[in-house]
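Colleague: Following this message is one structure expressed as structure tokens.
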Amino acid sequence: MQPMNAQMGGYDRAITVFSPDGRLYQVEYAREAVKRGTTAVGVKCSDGVVLIVDKRVSTKLLEQSSIEKIFKVDDHIAVASSGLVGDARALVDRARVESQVNRVTYNESIDVETLSKKICDHMQTLTQYGGARPYGTALLIAGISDGVPRLFETDPSGTLLEYKASAIGTGRPAVMKVFEEDYQEDMKIVEAIPMGLKALHAATEGKFDVNNVEIGVIGTEDGGFRRMSREEVDKYVENFNFDTPEEKQEEE
Amino acid sequence: MQPMNAQMGGYDRAITVFSPDGRLYQVEYAREAVKRGTTAVGVKCSDGVVLIVDKRVSTKLLEQSSIEKIFKVDDHIAVASSGLVGDARALVDRARVESQVNRVTYNESIDVETLSKKICDHMQTLTQYGGARPYGTALLIAGISDGVPRLFETDPSGTLLEYKASAIGTGRPAVMKVFEEDYQEDMKIVEAIPMGLKALHAATEGKFDVNNVEIGVIGTEDGGFRRMSREEVDKYVENFNFDTPEEKQEEE
Amino acid sequence: MQPMNAQMGGYDRAITVFSPDGRLYQVEYAREAVKRGTTAVGVKCSDGVVLIVDKRVSTKLLEQSSIEKIFKVDDHIAVASSGLVGDARALVDRARVESQVNRVTYNESIDVETLSKKICDHMQTLTQYGGARPYGTALLIAGISDGVPRLFETDPSGTLLEYKASAIGTGRPAVMKVFEEDYQEDMKIVEAIPMGLKALHAATEGKFDVNNVEIGVIGTEDGGFRRMSREEVDKYVENFNFDTPEEKQEEE
Amino acid sequence: MQPMNAQMGGYDRAITVFSPDGRLYQVEYAREAVKRGTTAVGVKCSDGVVLIVDKRVSTKLLEQSSIEKIFKVDDHIAVASSGLVGDARALVDRARVESQVNRVTYNESIDVETLSKKICDHMQTLTQYGGARPYGTALLIAGISDGVPRLFETDPSGTLLEYKASAIGTGRPAVMKVFEEDYQEDMKIVEAIPMGLKALHAATEGKFDVNNVEIGVIGTEDGGFRRMSREEVDKYVENFNFDTPEEKQEEE
Amino acid sequence: MQPMNAQMGGYDRAITVFSPDGRLYQVEYAREAVKRGTTAVGVKCSDGVVLIVDKRVSTKLLEQSSIEKIFKVDDHIAVASSGLVGDARALVDRARVESQVNRVTYNESIDVETLSKKICDHMQTLTQYGGARPYGTALLIAGISDGVPRLFETDPSGTLLEYKASAIGTGRPAVMKVFEEDYQEDMKIVEAIPMGLKALHAATEGKFDVNNVEIGVIGTEDGGFRRMSREEVDKYVENFNFDTPEEKQEEE
Amino acid sequence: MQPMNAQMGGYDRAITVFSPDGRLYQVEYAREAVKRGTTAVGVKCSDGVVLIVDKRVSTKLLEQSSIEKIFKVDDHIAVASSGLVGDARALVDRARVESQVNRVTYNESIDVETLSKKICDHMQTLTQYGGARPYGTALLIAGISDGVPRLFETDPSGTLLEYKASAIGTGRPAVMKVFEEDYQEDMKIVEAIPMGLKALHAATEGKFDVNNVEIGVIGTEDGGFRRMSREEVDKYVENFNFDTPEEKQEEE
Amino acid sequence: MQPMNAQMGGYDRAITVFSPDGRLYQVEYAREAVKRGTTAVGVKCSDGVVLIVDKRVSTKLLEQSSIEKIFKVDDHIAVASSGLVGDARALVDRARVESQVNRVTYNESIDVETLSKKICDHMQTLTQYGGARPYGTALLIAGISDGVPRLFETDPSGTLLEYKASAIGTGRPAVMKVFEEDYQEDMKIVEAIPMGLKALHAATEGKFDVNNVEIGVIGTEDGGFRRMSREEVDKYVENFNFDTPEEKQEEE
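Spelled out as structure tokens, the structure:
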């Protein structure tokens, strides 16, 4: 990240402390943990939302399915994460509980925006009160509410923004460049997936291995999240011409 | 902010500590977080209160509506914020709860000044007791009480002041200069909005993009907050001659 | 304040720690916050107590009435403050609760001295126990008990003293000089106000703006606090010859 | 106090820490706060106990009666203090509660020694456990138990000693010198007061102002504490030849 | 581990703090404790899971059986650990309780993945909240759920991954090299044990002592964990040609 | 105490921290507080236990009886202390409560060893857990249990040892030298007192003032503690030839 | 212990912190406290377990029996300790309570291994959570369970190992050397005691004083712990030729 001068003298060590220029260094450092994570992309379409992640594996001995990057939160909500894996799981656990509580209390599924705000509120708390560090993870929260696809993004500060299409992790700048050129408001899922794969390929600079791609979709029709099978993913991949992936370090 | 000498030696790191000259550096640093925020203006009129904010977006992929700068607190109260977004949302959540509690307890809507003081009291607490940092946000609290428009401003120290017209964020000095020249006590909302747009334009030095402007009004007639539609905003904007906005970094 | 040598090495940073010469630096620094505050004066008269404050405003856009320097605590007690505004309001809130509790519990209004001691006890606690800083405010507590006017002053250490006439804030030395020459034990309110204005004028060195003066009185006759109207204040001011006030920074 | 070498390196900052030579610097520093206080003397007589204090005032605008140096704890117990005024009041409040609790629980007045030990136990606690500083005050506790006059002295460490005659504050060494020469075991109150005034005069080196003297007595006859009137004090003073007092800084 | 520059200045001391590049040094240091531990391997087979550990003993006076490296958690789950022994036992105790709670609450044995996640969630907590250090241990969690063999690995950050075959401790790189060459998806336990022994031998560079090997297996047939007897282990060992082991320091 | 090198760097400041050589400096420093205390001796005899203390007074104005060095804990147990007076009183208060609790619970007097262990356990706790410093006092605990005289000694670490004859405070080495030569197992109280006085005299190097000696005895016959009267003490003293005592500083 | 380089900079001060190489310095320093303790040995025999300790006394005035090195925990369990005496007693108290709780809850005596693990779990906790230091003591836990002799050893990290014969304290290396040569699996108690004395003699380098030896045995026959009488010990000692012991410092 941007260089800091040597005299800052401790502002960056305690989360409950502002630096003289009004910054919270610990929050900014937590964002660095996100930037070092694998890339995850999300695209909002007219018929649903798509999440695509790069699950790089360092060894064939690893069960790829155990690398959690896309988490189902509820029937109609899923999350893609980048950054510290343990932190992401802790946040997702929290989201699942909130979702179930809503279902039990109001007898209906939780609104995607409501859930996203609850997660962000919790993340913000850890940037203001002592005794803990901020979360070192960013989330893309995808879901359908009242038949409308939603795609939220949150970062370690607890800021919440909604995107038409976005990305988190190392490859964010490269992915966003592709999306800004190719994204169409009225895209359908079948169009968004190739665009997402193209962007992910651009972001990984030839290290992209289609076998490591996981795709999750939530359609407005059925309103339910499902992970695509390898066969489905392969159908989308066939039309691409990828470089041979090399062995890579898995994240974190 | 104003320079500090090098020997201050730690007074500026712990919030519960005074510097030898009786200052609370952490509070002053939190104000810096506000000064780095986008500009928000508020104007008290004879027929209501107006809030205008600059919602700069860095990419068209972002859903502009998800950038929260004007928050509805209750039917008759709204808030514009500048500074850390997560902090602002946490404060607004608190304000909404206070407002509902008042409604349930006394069966009437909360007084704008009463609510403003409750928010400030909470902000002050975080400047005196350990274990947390001050809020890195300032609020313009607009509302109608007993048919009278009110416009309060609070800052990280918990100081509360009422203004006829004011601004928070980066552009405050430029906006205030415009207001001190143009503000009339008996202004109506339809007059205040152009003045606010002019001030915001002055404050952003050519980077002002009218498409990013959001306007919220609370009228004495109906006593209710509403966000203006794009069409309404456009009607006010048509009479202006703005520079072409460039791409900008979104706040925080 | 008086210079401190460079080797003091940390005694001045934690409130729960004595310096080798038996001083509590944090308390002394909090007093500096008071000394940087606007001037407030109080005068005990044969027929009541007077509080006069200087409410300097930096811009005409500010609602002068929202600058709180004189607070009504109960029908028979009012407080003038100097120093951190948020701290003063927190203390006044506390005083109001104590006052109401007394009314509810004993069915009579609280004694001025009793209330003053309760406030001081609380202020002292924050100088002895960790986890918080001392209050950065001083109060002039004026009231009538059993028909007798009382005027107490408290500072950040929790020390309580009663004065015939006193002042807090930047102008204290200049005001006290005037009072020591002019004060008469049998003064009436109508005589004390001109003396107070004269002292405040002396203390502000030509920056005194009579329009910014607020006067509160508690008379023995009616035993109730009231703020003087602008017209009343003007009657007292007419006999004076003030310099044109310049724009000034509002406090804190 | 006695000089400390420069390498002591931090032992003197945290109260719960011993220095290598087994000292608790914070307690010793708190004693310095006492040594900087005004002088208070106590004398045990055959017919009661006398407390005499020097209530120096810096300005005639101050109500001398509001300078609390002699506190009534119960009908038969009074306390003279030196050091931090707020700390003394906090301790006296505690003593008063203990005294009332004893009265309610056992239906009799508390024994002077029992009360003194309770105060000391509390003071000791603040020298051993973290989160607070020791009390910066010393007390002379005077009272009558079972018809016998008692005079206890406590310091910031919580040490308790009984004296025939003693003094606390700046003038202690000078007062003790007088007492060691003049004190007689079978003195009566009327003899002890002139001795106390003489000692106080010696201790203040010509700055002694008899108008600032306050005298409290607890007699064995009536067993009750009372403050002497100015007229009574004057009768004792008439026989002395004091220097003209100069203006002095009031304590703390 | 990888060198860190000298100016990092404290980021690596408190667990609740990010370094400027988004790392949690304390977690990375805890991993060093794991890397210094003895080697443990796990292999998932078509008919169960195998755990093999190296229980080096420094003296024949030590009861080898008391060196706990393979812990039975439940009938169908076992754990192999590397790193701080006390930490491993604390985690296993926790796992056993979770397992029993599940049995009592749902009247069925806990799912291996569910239990693994619960352990990881707890480990993550100690990397985010203050007042404790992360666990200095890694676990290989082996078990059978619904007749399917599972093999999870967790590290001090609370990351959870499933492997076909893996290793923790000093010898991990050497073991993984052997496994990547020799591992077959359809291996049976009787084939996996020789491969594990070969890998362990490679990892210990001639210091491998077959007498120190402990083997635990969980078969899909019976679904129950059992430790192999020395005779069983010997049968597998007979076909190997090991170097004479030298005396070694036992771990930690 | 033994010199420590300059690089020890902080191990000696926090009680919950070991130094690299396995020492707890704070405990050792607390022992220094004991070594700076006045000397107290205890001797176990065939017919009871004797405690003798040196109650040096700095001024005749001090009531010698108020210097507490020998405390009665229960009818059959007494304690002599050296070191911080306030700490000793806090420990004795605790011992008295334990003693009464035992009496109420079991309807019998507490065993001397049981009580001593309870005191030590409490002292040890303050050397292991944060938030407080160790006790800066040592105790000689004398008592009769089942007709047998017991004499225990405890120090700031919470170590408990039983002695035939021992001493605490400044004069310990000199006293022990005398005891090792003169002590006889079958001594009677009347023989032990002269030996104790001789030892105390040796320990104070001519500054010993027999008038400052206090003697407490617990006899097996009556099993009860009593302080000797001045007359009794004088009978023992008559046979000695002491130097004229000089004025001395009282302890702590 | 092994030297550490000067730049380690603070890792060794807080127990909840790992050093860059994955070590917990505070635990290692606590082990130094154990190494500085007197030597204790334990030997597991076919007919029971033997504990032998060296109770060095510095003065004949000390009651040797009060030096606690062998503690009875229950009828069938005893403990020998080395290191900080107060810490050992605190641990033993805990063990006794656990043992009684088991007896009350299950109506049977606690298993030796179960108890040992409970002690270790507690010791581990103090190495992971803040606010306290690790225990500065090691224990040899001897007992009989189901007729089988057991001998466990625990250290400050909470590691638990079972030995055939072991030693803790200063003399451990020398003792272990003797045991590795002389120990026989089928030894009987009468053979183990001479071996233990020989080892203890070797460990103390001529400073061994047989009069200071204490021996505790737990036999499988009667299953109960008993301390050997001086006469019994003497019978074992007669066959040895020891050097004259010199005066030594008692431990800690």
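Here the protein sequences line up with chains B, Y, C, S, D, E and Z, keeping their order. Letter by letter, the first sequence follows residues 1 to 252 of UniProt numbering. Letter by letter, the second sequence follows residues 1 to 252 of UniProt numbering. Letter by letter, the third sequence follows residues 1 to 252 of UniProt numbering. Letter by letter, the fourth sequence follows residues 1 to 252 of UniProt numbering. Letter by letter, the fifth sequence follows residues 1 to 252 of UniProt numbering. Letter by letter, the sixth sequence follows residues 1 to 252 of UniProt numbering. Letter by letter, the seventh sequence follows residues 1 to 252 of UniProt numbering. Even glycine gets a Cβ: it sits at the ideal position worked out from N, Cα and C. Please read these numbers as outputs of a predicted model, since none were measured by experiment.
Along chain C, which residues have their Cβ under 7 Å away from the Cβ of Ala-36(S)?
Modeller: The question names Ala, yet the displayed sequence has Arg at residue 36(S). Contact annotation for Arg-36(S) against chain C: Gly-22 [CB-CB distance below 7 Å, chain order].
Colleague: Taking the alpha-carbon positions, what's the Ser-99(D) to Leu-24(E) distance?
Modeller: 41 Å
Colleague: Does Gly-130(B) get closer than 7 Å to chain Y when you measure Cβ to Cβ?
Modeller: Chain Y, which has a Cβ nearer than 7 Å to the Cβ of Gly-130(B), makes this yes.
Colleague: Establish whether the CB of Thr-16(C) and some CB of chain S are separated by less than 7 Å.
Modeller: yes
Colleague: Is Val-50(Y) closer than 7 Å to Ile-189(Y) when the C-beta atoms are compared?
Modeller: yes
Colleague: Where does Thr-170(D) land, buried or exposed, given buried means 16+ other C-beta within 10 angstroms?
Modeller: Label assigned to Thr-170(D): buried.
Colleague: Tell me whether Asp-54(D) sits in a helix, a strand or coil according to DSSP, three-state version.
Modeller: strand
Colleague: Taking 7 Å as the cut-off, decide whether the C-beta atoms of Ile-52(C) and Val-41(C) are in contact.
Modeller: Closer than 7 Å, so yes.
Colleague: Just checking, does the stretch 57-68 of chain Z make contact with the stretch 180-195 of chain Z on the three C-beta pairs under 8 Å criterion?
Modeller: no
Colleague: Looking at C-alpha atoms only, which residue of Asp-146(B), Gly-158(B), Phe-208(B) is the closest neighbour of Val-175(B)?
Modeller: The shortest C-alpha separation from Val-175(B) is found at Phe-208(B).
Colleague: By the DSSP assignment, the alpha helix (DSSP H) with Ile-193(Y) in it spans what residues?
Modeller: 189-203
Colleague: Cβ closer than 8 Å: which chain Z residues qualify as neighbours of Glu-180(E)?
Modeller: Thr-59, Lys-60, Leu-61
Colleague: Taking Glu-214(D) as the reference, give the member of Ala-90(D), Cys-120(D), Leu-197(D) with the closest Cα.
Modeller: Leu-197(D)
Colleague: Would you mind sorting Glu-231(S) into buried or exposed? The rule is 16 or more other CB atoms within 10 Å of its CB.
Modeller: exposed
Colleague: Ala-165(Y) versus chain C: which residues are under 9 Å apart at the beta carbon?
Modeller: Leu-61
Colleague: Rounded to the nearest angstrom, how far is the Cβ of Ala-203(D) from that of Thr-39(D), given a contact under 8 Å?
Modeller: About 5 Å; that satisfies the 8 Å criterion.
Colleague: Let's see if you can read the secondary structure: which residues bound the beta strand (DSSP E) around Glu-113(E)?
Modeller: Not the beta strand (DSSP E): Glu-113(E) falls in the alpha helix (DSSP H), residues 112-128.
Colleague: Counting pairs of Cβ atoms below 8 Å between the stretch 65-73 of chain C and the stretch 130-145 of chain Y, do you hit three or more?
Modeller: no
Colleague: Counting only Cβ-Cβ distances shorter than 8 Å, please list the residues of the stretch 204-229 of chain D near chain Z, keeping chain order.
Modeller: none
Colleague: Can you say whether Thr-154(Z) is buried or exposed, counting buried as having 16 or more other CB atoms within 10 angstroms of its CB?
Modeller: buried
Colleague: Alpha carbon to alpha carbon, how far is Asp-87(Y) from Ala-132(Y)? Give it in angstroms, no decimals.
Modeller: 12 Å
Colleague: Suppose the cutoff is 6 Å on Cβ atoms and the five residues either side in sequence are ignored; what does the same chain contact list for Pro-156(Z) look like?
Modeller: Val-27, Ala-30, Arg-31, Pro-134, Tyr-135
Colleague: Roughly how many angstroms separate the alpha carbons of Thr-127(E) and Leu-91(E), rounded to a whole number?
Modeller: 15 Å
Colleague: Taking a contact to mean a Cβ-Cβ separation below 7 Å, would you say Gly-37(Z) touches Ile-218(Z) in this structure?
Modeller: no
Colleague: In whole angstroms, what is the alpha-carbon distance linking Val-233(S) and Leu-151(S)?
Modeller: 21 Å
Colleague: Counting contacts by CB-CB distance shorter than 7 Å, is Ser-145(S) in contact with chain E?
Modeller: No, Ser-145(S) does not count as interfacial toward chain E.
Colleague: What's the C-alpha gap between Tyr-106(S) and Gly-83(E)?
Modeller: 35 Å
Colleague: Beta carbons nearer than 9 Å to chain C: which residues of the stretch 82-106 of chain S have them?
Modeller: Gly-83, Leu-84, Val-85, Gly-86, Asp-87, Arg-89, Ala-90, Asp-93
Colleague: Between which residues of its own chain and Thr-114(D) is the CB-CB distance below 8 Å, once the five residues before and five after are set aside?
Modeller: Asn-102
Colleague: On the criterion of 16 or more Cβ atoms from any shown chain inside 10 Å, does Gly-216(B) qualify as buried, or is it exposed?
Modeller: buried
Colleague: According to DSSP, is Glu-185(B) part of a helix, a strand, or is it coil?
Modeller: Coil.
Colleague: Does any residue of chain C have a CB that is nearer than 7 Å to the CB of Gln-64(S)?
Modeller: no
Colleague: Are residue 263(Y) and Phe-225(Y) close, meaning C-beta to C-beta below 7 Å?
Modeller: The first residue shown for chain Y is 1 and the last is 252, placing residue 263(Y) beyond what the model contains.
Colleague: Check the Cβ-Cβ distances between Val-190(B) and every residue of chain Y, and say whether any is below 7 Å.
Modeller: no
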